[in-house]
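Encoded as structure tokens, the structure appears first; notes follow it.
Residue numbers (the UniProt record's numbering): 1 to 353.
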């Protein structure tokens, strides 16, 4: 298993340098020695080739410098031995580099597979609901951070979750995995959306209890979440908020905030049927629901202004998949490089006909 090959110019550079030096020596007066520059080619080749390719360059250089009749170099004795040692070390370096690259690729592949198992891509359609999701972790080199989303079909309709766990980066991945597992169980088992929220709350409470037993100084875990449910046969969506930013309804070119009375965040032991407020929102053909985490709306530009998601949506794509990508590209331009927090965006819509 190997990583991405070096760029074409890096592989061509040693060969081009070899040809240029040989031609330059052939057209240069005999009292000027350019051949010794050839000794630097094997180390250069080691950064672009494996051990075999580097050995080929090393062999060519030794022949050109050691065979005086070729008219390129006149290395003898200690000089030729020094070039030989440099060439041998270059071959060893190339072998070690290629082996290390293969190990890094293997580790990264396993890590990416594990992260994608925790947070797989959102399907284009789940039941009757069209879906598109976008996820960007703030920590470089990771696919999963402290945000989460999922869309699942169950006996009580299609349900979706968008959440934001305390903290971000790899430290929050365990909590994200626990919440997603609890949500997927709730989709299948819990007839009410409030019961799903209570299940998520219990999951975090259990994790908090385990953390207190293992490390008393670790802060308590909590998360905000937005739960959505598309009941079968009904043109509406049920929404329950656990301290999460409200979803947006994009109807044609009009954008409105779906005002839902937010309940307490998850992990405090307060989420459940008694405190949950579930709102029913009637949907029209072509309506799109945009759920997001605060990594989107709290991203700032150079002047310190927050990203105005609601104001930007009407000018962007209509198709769910195109919309999430358009929001991301617009966010990159707005922040001049990208937000500093994890970002999750989920667009859901019913068929237009």
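Glycine included, each C-beta is placed from N, C-alpha and C at the ideal position.
Close CB contacts of residue 55 within its chain, under the 7 Å cut and outside five residues either way in sequence, are with 91 (chain order).
Assigned with DSSP and collapsed to three states, residue 25 falls in helix. A distance below 8 Å separates the beta carbons of residue 18 and residue 60. Shown here for residue 288: same chain residues with a beta carbon closer than 6 Å to its own, the five before and five after excluded, namely 250, 347 and 349 in chain order. For the options 45, 23, 41 and 39, the alpha carbon positioned closest to that of residue 7 is the one of 45. For residue 53, the enclosing alpha helix (DSSP H) starts and ends at 51–66. Residue environment for residue 103: exposed (fewer than 16 other C-beta atoms within 10 angstroms of its C-beta). For residue 278, the enclosing beta strand (DSSP E) begins and ends at 278–282. DSSP, read as helix, strand or coil, puts residue 164 in strand.
Selection 261, 106 and 238 evaluated against residue 193 yields 238 as nearest (Cα-Cα).
Residue 58 and residue 41 have their C-alpha atoms roughly 8 Å apart. In chain order, 6, 10, 11, 13 and 14 place their CB closer than 8 Å to the CB of residue 48, counting only its own chain and leaving out the 5 sequence neighbours on each side. Contact annotation: residue 242 and residue 269 have beta-carbon atoms that are not nearer than 8 Å. As summarised for the segment 120–145, the continuous beta strand (DSSP E) elements at least 3 residues long and confined to that stretch are 129–136, given in chain order. Here residue 173 has 144 as same chain residues with Cβ atoms under 6 Å from its own Cβ, once five neighbours each way along the sequence are excluded.
With a threshold of 16 other beta carbon atoms within 10 Å, residue 284 falls short and is exposed. Scanning 127, 43, 99 and 122 for the CA closest to the CA of residue 87 turns up 43.
Contact annotation: residue 221 and residue 207 have beta-carbon atoms nearer than 8 Å.
Partner residues in the beta bridge of residue 256, as assigned by DSSP, are 249. Straight-line measurement puts the Cα of residue 290 at about 13 Å from the Cα of residue 316.
As computed with DSSP, residue 349 is found in a beta bridge with 130 and 288. The shortest C-alpha to C-alpha distance from residue 132 to any of 236, 322, 339 and 245 is the one to 322. DSSP places residue 224 in the strand class (E or B) of the three-state scheme. Around the C-beta of residue 320, 16 or more other C-beta atoms lie within 10 Å, and the residue is accordingly described as buried.
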